[in-house]
Amino acid sequence: MYDVAIIGGGPAGLTAGLYAARAGWKTVLVERGLPGGQAATTDRLENYPGFPEGVGGPELMMAFAEQAARFGLETRYAQARAIDAESKRLTLEDGEIEARAFILALGATPRKLGVPGETENIGRGVSYCATCDGAFYRGKRVAVIGGGDTALEDALYLSRFARVTLIHRRDRLRAMGAQVTKAQASENVEMLLSTTVSRIERAGEGLLLRLSGERDLAVDGVFVAVGVEPQTKLVQGLLALDDAGYILAGEDTCTSVPGIFAAGDCRKKPLRQVSTAVGDGATAAYMASAYLEKQI
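Take the sequence shown: its position 287, counting from 1, is numbered 716 in the numbering used here, and each next residue is one higher.
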């Protein structure tokens with residue numbers, strides 16, 4: 430029997446694990462892949478406090494994991510299958526875990542564009558992670574689809590070694606600030622606003638994008654950055670969710686079920702960044718601790 434079970438090993442989950450374990454609670458973190466979540470796939474974080482020159486995402490997440498482990502956080506690599514709120518059991522692909530409180534740091538994954546040819550070409554030119562796959566396109570031409578912060582970050586990262594066309598369906602970008610200014614000033618970034626992609630086709634070794642206005646764009650690779658989807662299937666029917674599937678939990682991270690807390694990108698909130706995930710994780714651990722104290 431654990432005091433706290435955390436599901437998800439991104440910034441929120443690792444921070445929650447650090448705080449809960451350091452508070453003396455027997456804590457386990459369940460993660461299906463490598464620690465760090467989406468942050469671990471980010472080449473460089475320039476807006477995380479304390480690093481004036483920026484910090485590598487993988488480097489930062491490894492430091493998170495090592496620090497949490499130093500205070501006694503146990504990590505179990507497995508896929509979570511179901512939660513029974515009454516019996517306080519978490520079913521895994523290879524067994525069960527019992528815990529008195531649960532912290533959900535389930536995260537979110539990239540949203541698909543949803544056009545013909547997208548799914549068929551995943552791994553054959555279509556990607557959702559510029560830092561993971563960008564190196565394959567050194568000296569080539571790529572397209573980034575999207576107009577938010579992630580799309581701009583991807584475009585700037587790729588522009589270091591490739592020619593980039595940024596495609597956005599609206600007449601202005603959703604992203605704001607320095608990233609936009611940098612992209613507009615970059616010789617390797619071209620912007621196609623008020624433009625949509627209706628189809629992705631293979632064209633020899635590359636891809637052909639069918640664009641609105643009966644235009645085509647030949648590229649070597651496509652990076653889709655049109656938002657994320659919360660990974661909350663595990664708790665559908667158990668917790669209150671909004672229409673988009675995000676867990677309804679306030680700034681106290683308390684969900685609709687006592688003893689279950691939500692932190693990070695899976696929680697309904699206005700901003701999803703590493704810094705806000707860290708704050709959620711700390712709050713969730715604090716609230717879980719208060720909940721456990723009342724049970725004693």
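C-beta atoms are modelled at their ideal positions from N, C-alpha and C, and glycine is treated no differently.
Please identify the residue among V593, S627, R631 whose C-alpha is closest to the C-alpha of A614. As a first step, residue 614 must be located in the sequence shown, where it is residue number 185. Comparing Cα positions, the closest option is V593.
When the Cα atoms are used, what is the spatial distance from P539 to Y557? Counting from 1 along the sequence shown, the entry for residue 539 is found at position 110. Counting from 1 along the sequence shown, the entry for residue 557 is found at position 128. Roughly 7 Å separates the two Cα atoms.
Counting C-beta neighbours from all protein chains within 10 Å, is the total for T610 16 or more, i.e. buried, or is it exposed? Here the question's residue 610 lines up with position 181 in the sequence shown. T610 should be labelled exposed.
Alpha carbons only, please: which of M430, D649, I629, L668 is nearest the one belonging to T548? One-based indexing of the sequence shown puts residue 548 at position 119. Ranking M430, D649, I629, L668 by Cα distance to T548 puts I629 first.
Give every residue of the same chain whose Cβ lies closer than 6 Å to the Cβ of G438, excluding the five residues on either side of it in the sequence, and list them in chain order. For this step, residue 438 is matched to residue 9 along the sequence shown. Answer for G438: L458, E460, P464, listed in chain order.
Return yes when the Cβ of A564 is within less than 8 Å of the Cβ of A584, no when it is not. To locate residue 584, count along the sequence shown from 1; it is residue 155. To locate residue 564, count along the sequence shown from 1; it is residue 135. Not closer than 8 Å, so no.
Go ahead and pull the three-state DSSP assignment for M490. Start at 1 with the first residue of the sequence shown, and residue 490 comes out as number 61. Here M490 sits in helix by DSSP.
What did DSSP end up calling F531 once you bin it into helix, strand or coil? As a position in the sequence shown, residue 531 is number 102, starting the count at 1. DSSP places F531 in strand when its eight states are reduced to three.
From this set, Y431, G552, P440, V433, which residue's C-alpha is nearest V703's C-alpha? To locate residue 703, count along the sequence shown from 1; it is residue 274. Checking every option, the nearest Cα to that of V703 belongs to P440.
Which of helix, strand or coil DSSP assigns to D513: Working through the sequence shown from its first residue, we reach residue 513 at position 84. Reduced to three states, the DSSP call for D513 is strand.
Candidates A714, A711, A678, G710, of which the one nearest K698 by Cα: Here residue 698 corresponds to residue number 269 of the sequence shown, with the count starting at 1. Nearest C-alpha to K698: A678.
With a threshold of 16 other CB atoms inside 10 Å of the CB of D645, please say whether the residue is buried or exposed. As a position in the sequence shown, residue 645 is number 216, starting the count at 1. It is exposed - the Cβ of D645 has fewer than 16 other Cβ atoms within 10 Å.
Are the CB atoms of A580 and V571 nearer to each other than 8 Å? As a working note, residue 580 is residue 151 in the sequence shown. As a working note, residue 571 is residue 142 in the sequence shown. Going by C-beta atoms, A580 is not nearer than 8 Å to V571.
Give, in chain order, every unbroken run of the beta strand (DSSP E) that is at least 3 residues long and sits entirely within the segment 543-586. 570-574
Of the residues A449, R598, I689, which one's Cα is nearest the Cα of E515? Numbered from its first residue, the sequence shown carries residue 515 at position 86. Comparing Cα positions, the closest option is I689.
Taking C-beta to C-beta, are A559 and L587 nearer than 8 Å? By one-based count along the sequence shown, residue 559 stands at place 130. By one-based count along the sequence shown, residue 587 stands at place 158. Against a cut-off of 8 Å, the Cβ pair of L587 and A559 comes out as a contact.
Kindly indicate which residue of A497, A647, G674, V433 has the alpha-carbon position closest to the one of Q660. For this step, residue 660 is matched to residue 231 along the sequence shown. Closest by alpha carbon: G674.
Is L621 closer than 8 Å to L602 when the C-beta atoms are compared? Here residue 602 refers to the residue found at position 173 of the sequence shown. Here residue 621 refers to the residue found at position 192 of the sequence shown. No; because the gap between Cβ atoms is not below 8 Å, this pair is not in contact.
Between the beta-carbon of G536 and the beta-carbon of G466, is there less than 8 Å? Counted from its first residue, the sequence shown places residue 536 at position 107. Counted from its first residue, the sequence shown places residue 466 at position 37. In this structure, G466 lies closer than 8 Å to G536 by Cβ.
CA nearest to the CA of G606, picked from E634, G577, T625, D600: Position 177 of the sequence shown, counted from the start, is the residue given in the question as residue 606. Closest by alpha carbon: G577.
Pull up the DSSP beta-bridge partners for Q665, would you. By one-based count along the sequence shown, residue 665 stands at place 236. Answer is L668.
If I'm right that A469 touches P487 with Cβ under 8 Å, what's the distance once you round it to whole angstroms? For this step, residue 469 is matched to residue 40 along the sequence shown. For this step, residue 487 is matched to residue 58 along the sequence shown. At roughly 5 Å, the Cβ-Cβ gap stays under 8 Å, so A469 and P487 are in contact.
Between the Cα of L472 and those of G479, A669, T456, L489, spot the shortest distance and give me the residue it belongs to. Counted from its first residue, the sequence shown places residue 472 at position 43. The sequence given here places Asp at residue 472; Leu does not occur at that position. The residue with the shortest Cα to Cα distance from D472 is L489.
Consult DSSP for S588 and reduce its assignment to one of helix, strand or coil. Position 159 of the sequence shown, counted from the start, is the residue given in the question as residue 588. The answer is coil: DSSP assigns S588 none of H, G, I, E or B.
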